[in-house]
Amino acid sequence: MPTGPTLHRDPNATLEGVGIDEIIEHVTALGGVLVLRPGPGDGSPEAAWGDVFLYYAPDGVVPRTQPFATVVTKDLPGDRSSRLDRPGTFRVNVGVGREEFTALVGRGPREPAGAGEPAPDETDTVLAHPVYGALGWVCVVDPGPRAEDTLRDLLTTAHGLARARRERREGA
Numbered sequence: 001m002p003t004g005p006t007l008h009r010d011p012n013a014t015l016e017g018v019g020i021d022e023i024i025e026h027v028t029a030l031g032g033v034l035v036l037r038p039g040p041g042d043g044s045p046e047a048a049w050g051d052v053f054l055y056y057a058p059d060g061v062v063p064r065t066q067p068f069a070t071v072v073t074k075d076l077p078g079d080r081s082s083r084l085d086r087p088g089t090f091r092v093n094v095g096v097g098r099e100e101f102t103a104l105v106g107r108g109p110r111e112p113a114g115a116g117e118p119a120p121d122e123t124d125t126v127l128a129h130p131v132y133g134a135l136g137w138v139c140v141v142d143p144g145p146r147a148e149d150t151l152r153d154l155l156t157t158a159h160g161l162a163r164a165r166r167e168r169r170e171g172a
């Protein structure tokens, strides 16, 4: 499906048996990552409970920016196409930017999905994010062995983009 060059070996590869904690471990090893895991009693909205928000924040303070990646564990109004209501299902969402999105998905973020694109509930496959694809976000539902290496690369790329944005803001 991809039509352009990409940094990744196989953009449709996945993570078999990779759990949420393993994803968090990979990202935190990159340095400067703040992990938010909302739950009961912490003041967060119930809709966020069980999800994970990953920020580049070396000072440990939640920035006023969007996270560079998230892990969602349930369907939300307006975002049910990944069918996260299946037992144990989760989706890793990664902000990779326009160029990487195009290389991975085979179309620009603001272009409509093509007939040959995988369904948004396809597992272990790099997909356009069903809601935030137009903003350069991709996702993997239930990462497994096909997408594992690619997803790790994408998370590393997104972390680097978030770090560069923060450094530009601080330098301005």
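Numbering-wise, full-length UniProt numbering puts 33 at position 33 of the sequence shown, and it's gapless, one number per residue. C-beta: ideal position from N, C-alpha, C; glycine also. All of these numbers come straight from a predicted model, not from anything done at the bench.
key: Closest by C-alpha distance to Gly95, when choosing among Ile20, Leu151 and Gly50   = Position 95 of the sequence shown, counted from the start, is the residue given in the question as residue 95. Residue Leu151 is the option with its Cα nearest to Gly95.
ask   = So, using beta-carbon positions, are Gly32 and Pro63 closer together than 8 Å?
value = Counting from 1 along the sequence shown, the entry for residue 32 is found at position 32. Counting from 1 along the sequence shown, the entry for residue 63 is found at position 63. No, the pair does not count as a contact, with Cβ atoms beyond the cut-off.
request  = Might you give, ordered along the chain, the residues of its own chain that have their beta carbon closer than 6 Å to the beta carbon of Val52, omitting 5 neighbours on each side?
outcome  = Reading the sequence shown from its first residue, position 52 is the one you call residue 52. Excluding residues within five positions, the ones whose Cβ falls inside 6 Å are Arg37 and Val71.
request  = Measure the C-alpha to C-alpha separation of Pro118 and Lys74 and round it to an integer number of angstroms.
outcome  = Numbered from 1 along the sequence shown, position 118 holds the residue referred to as residue 118. Numbered from 1 along the sequence shown, position 74 holds the residue referred to as residue 74. Taking the straight line joining both Cα atoms gives about 20 Å.
query = Which residues bound the alpha helix (DSSP H) around Phe101?
reply = Taking the first residue of the sequence shown as position 1, residue 101 is located at position 101. That run of the alpha helix (DSSP H) goes Gly97 to Val105.
request  = Tell me, please, which residues DSSP counts as bridged to Asp59.
outcome  = In the sequence shown, the residue the question calls residue 59 occupies position 59. Asp59 is not bridged to any residue.
key: Continuous beta strand (DSSP E) stretch holding Val71: start and end   = Position 71 of the sequence shown holds residue 71. Looking at the DSSP string, the run of the beta strand (DSSP E) that includes Val71 is Ala69 to Val72.
task = Measure the beta-carbon distance from Ala134 to Val105 and round it to whole angstroms, keeping in mind my assumption that it falls under 8 Å.
result = On the sequence shown, position 134 is the one that residue 134 refers to. On the sequence shown, position 105 is the one that residue 105 refers to. So it is not a contact: roughly 11 Å between Cβ atoms.
inquiry  = So, under 8 Å CB-CB, Val18 and Glu170 are touching, yes? Tell me the CB distance rounded to an integer number of Å.
reply    = Indexing the sequence shown from 1 puts residue 18 at position 18. Indexing the sequence shown from 1 puts residue 170 at position 170. Val18 to Glu170, Cβ: 33 Å. No contact.
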